[in-house]
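FYI, in full-length UniProt numbering the residues of the sequence shown are 1 to 81.
Every residue, glycine too, gets a C-beta built ideally from N, C-alpha and C.
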Amino acid sequence: MKNFDTSKVNYKKKGRISTVIVFVVQKDGSLADFSVSGENKQFNKEALNAIKKVDVKWSPALINNLPARQRFKVPLYLTFD
1 MKNFDTSKVN
11 YKKKGRISTV
21 IVFVVQKDGS
31 LADFSVSGEN
41 KQFNKEALNA
51 IKKVDVKWSP
61 ALINNLPARQ
71 RFKVPLYLTF
81 D
């Protein structure tokens, strides 16, 4: 993900950290109602910033061929060697 700056994530051990970002794609393709869960606050912040920086409109869900709001859940992992 080119919008993600790993240098801002302070993690001094080897291993893997994770977070889950939940958001809503609105009827017009914009994003709203973000929530982030993960133990590393810096990783949470950078992951959320990366999602918000995506400069393409998302495609909304369709119900009966009409745009509808849709909730998305995106798990992200970062591994340190």
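- Between residue 79 and residue 43 the beta-carbon gap is near 12 Å, outside 8 Å, which marks them as no contact.
- The alpha helix (DSSP H) runs of length 4 or more contained entirely in the UniProt domain "TonB C-terminal" (19 to 76) are, from start to end of the chain, 41 to 52.
- By the Cβ neighbour-count rule, residue 21 is buried, with 16 or more other Cβ atoms within 10 Å of its own.
- The alpha-carbon separation between residue 81 and residue 15 amounts to approximately 7 Å.
- A distance below 6 Å between beta-carbons, with the five flanking residues on each side excluded, links residue 39 to no residue of its chain.
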